[in-house]
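Residue numbers (our numbering): 1073 to 1187.
Read through the structure below, which is laid out as structure tokens, and then see the notes.
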């Protein structure tokens, strides 16, 4: 059950705040969606935000790319959505219980209650 809950975790894209994006330290993001001037959007895996660029593996081409920070108008980071994950995790045992009870009723009607 724990494996199902971990693999069924929901995630959402959340924009990085402007002040957090402006600092000069190196910041590592697992997944990032980078919006560039001109409308191009890149989804990067294993993204690293540095002082002058954002570097990562392009999800479409699987090649490593670097995007200059001056070309970037926004960065969204993928984060786990705890609320949705909890609801999905609670829904799984409830649905399994309903299936179990329905199976018991069907077996009782077929073999034990058909007088």
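In this text, a Cβ means the ideal position worked out from N, Cα and C, and glycines have one as well.
Alpha carbon to alpha carbon, how far is residue 1135 from residue 1104? Give it in angstroms, no decimals.
For the purposes of this step, residue 1104 is identified with residue 32 of the chain shown, where counting begins at 1. For the purposes of this step, residue 1135 is identified with residue 63 of the chain shown, where counting begins at 1. If I take the Cα positions, the gap works out to 15 Å.
When you compare the CB positions of residue 1108 and residue 1124, do they come within less than 7 Å of one another, or not?
For this step, residue 1108 is matched to residue 36 along the chain shown. For this step, residue 1124 is matched to residue 52 along the chain shown. The answer is no: Cβ separation not under 7 Å.
Please state the DSSP three-state secondary structure of residue 1175.
Looking up residue 1175 in the chain shown gives position 103. When DSSP states are grouped into helix, strand and coil, residue 1175 belongs to the helix group.
Go through the stretch 1103-1173 residue by residue and report every complete run of the beta strand (DSSP E) that reaches 3 residues or more, in order.
1113-1121, 1125-1130, 1136-1140 and 1144-1152
Taking its Cβ as the centre, do 16 or more other Cβ atoms sit within 10 Å of residue 1168, making it buried, or is it exposed?
Indexing the chain shown from 1 puts residue 1168 at position 96. Exposed, because fewer than 16 other Cβ atoms sit within 10 Å of the Cβ of residue 1168.
Quick one, which of 1106, 1143, 1163 and 1114 has its alpha-carbon nearest residue 1132's?
The residue labelled residue 1132 in the question sits at position 60 within the chain shown. Looking only at 1106, 1143, 1163 and 1114, the smallest Cα-Cα distance to residue 1132 is reached by 1114.
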